[in-house]
Amino acid sequence: MEKYLKILDRLEKSGITVSRGLTEEEIGKIEEVYGFTFPRELVEFYSCGLPIGEQFPIWNDFSDENVRMIREKIELPIKALRSDVEDWFWIDSWGDQPESREEELAVFDSIAERAPKMIPIYGHRYMPALDGAPIISTVGADSIYYGYSLVKYLNYEFFGIKDGFVSGKVKKVPFWSNLIERR
6 MEKYLKILDR LEKSGITVSR GLTEEEIGKI EEVYGFTFPR ELVEFYSCGL
56 PIGEQFPIWN DFSDENVRMI REKIELPIKA LRSDVEDWFW IDSWGDQPES
106 REEELAVFDS IAERAPKMIP IYGHRYMPAL DGAPIISTVG ADSIYYGYSL
156 VKYLNYEFFG IKDGFVSGKV KKVPFWSNLI ERR
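What follows is the structure, encoded as structure tokens:
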């Protein structure tokens, strides 16, 4: 938790508003509303404090409008990738590319349905709903690892610290790693 408190302190000093941390009850409600389980790293981080700003999700705002916006952000990675598939993007791990667009989209939808949900962190940076997962920057087929851990990502994104932000052993994420590595 100490590492997250230090990062939140630096975020505040850099001009980013940080509100109080999420309670266990709020975390449970968020997981229920959005249908995923936060990875332990995000539970620890968001329990220490919640960055607030234009590109950060405001997890403890349960207004209809905010819930709709966060749901859209959660759905965006698959939706954007599906749009690329409509333009004939395909990777080998999905199998032989079907000849008809309808069949192609049906196969993609079936595969994507099993992918871990992507939890928005900041802008188009996401963390798959898996403990120890890397942070992924994704805009459709343009998807890359953007930090092999939450701490490395935060230090790079907000403070420019490149200290191994995408080096080391990256945990493989079903579906997403195949996309990034084009396998």
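Under our numbering, the first residue of the sequence shown is numbered 6, with each subsequent residue one higher.
In this text, a Cβ means the ideal position worked out from N, Cα and C, and glycines have one as well.
All of these numbers come straight from a predicted model, not from anything done at the bench.
- When secondary structure is reduced to three states using DSSP, Ser19 falls in the coil class, being assigned neither helix nor strand.
- Phe41 and Ala111 do not touch by the CB rule: their CB atoms are close to 24 angstroms apart, not below 8 angstroms.
- The three-state secondary structure of Arg25, taken from DSSP, is coil.
- For Tyr131, the three-state secondary structure derived from DSSP is strand.
- Proximity to Ser154 across Ser148, Glu162, Glu36 peaks at Glu162, based on C-alpha coordinates.
- The Cβ neighbour count for Pro139, taken over all protein chains shown within 10 Å, is at least 16; the residue is labelled buried.
- Within the DSSP bridge table, the entry for Tyr150 names Ile141 as partners.
- Comparing alpha carbon positions, the residue from Ile166, Asp114, Ser105, Phe180 closest to Ile141 is Phe180.
- C-alpha of Gly58 to C-alpha of Ala120: approximately 28 angstroms in a straight line.
- In this structure, the beta-carbon distance from Gly165 to Gln60 does not fall below 7 angstroms.
- DSSP places Ile57 in the uninterrupted beta strand (DSSP E) bounded by 55–57.
- In the three-state reduction of the DSSP assignment, Pro82 falls in the helix class, which pools H, G and I.
- Boundaries of the alpha helix (DSSP H) around Asp114: 106–117.
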